[in-house]
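Just so we're aligned, residue 385 is where the sequence shown starts under my numbering, counting upward by one. No residue lacks a Cβ here, since even glycine has one placed at the ideal position from N, Cα and C.
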Amino acid sequence: MSEPMRIRAQAQSGGAIVRVLMSHEMETGQRKDAAGNVVPAWYITDVTVALNGATVMTAQWGTAVAKNPFTQFTVKGAKAGDKISVSWVDNHGDKRTDEATVADPAAAK
Numbered sequence: 385m386s387e388p389m390r391i392r393a394q395a396q397s398g399g400a401i402v403r404v405l406m407s408h409e410m411e412t413g414q415r416k417d418a419a420g421n422v423v424p425a426w427y428i429t430d431v432t433v434a435l436n437g438a439t440v441m442t443a444q445w446g447t448a449v450a451k452n453p454f455t456q457f458t459v460k461g462a463k464a465g466d467k468i469s470v471s472w473v474d475n476h477g478d479k480r481t482d483e484a485t486v487a488d489p490a491a492a493k
């Protein structure tokens, strides 16, 4: 299984800004190894984000996304204490889901 995603979610006016770093090799299927053999394609195909269990975003990815992808987005209506979960599925059927709590920016000071 892959390493946990690093998820940071911070409340801001009207929602929360969410930053996610995923650990994944993201092979295109076009690269060759040192022996000249094609490295098989292995990449994230679907990403889903939920706020307190309700889906707020879905994305379909392909081979053009970099290794260990980073994504940032805003979730409207999220507030401090809410739960953000991020899930992905890759073309091999591997899955990963991780969760973070939306932080209050005043508590960080």
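- If you draw a 10 Å sphere on the C-beta of Asp474, you find 16 or more other C-beta atoms in it, and that means buried.
- The straight-line gap separating the alpha-carbon atoms of Lys479 and Thr439 is approximately 17 Å.
- Within the segment 409–489, the complete beta strand (DSSP E) segments at least 3 residues long are 428–435, 438–444, 454–460, 467–474 and 479–485, listed from N- to C-terminus.
- When Cβ pairs closer than 8 Å are counted between the two stretches, the segment 398–412 is seen to touch the segment 436–451, the count reaching three or more.
- Gly399 has Gln396 and Lys460 as its beta-bridge partners, per DSSP.
- With fewer than 16 other CB atoms across the displayed protein chains lying within 10 angstroms of its CB, Gly398 is exposed.
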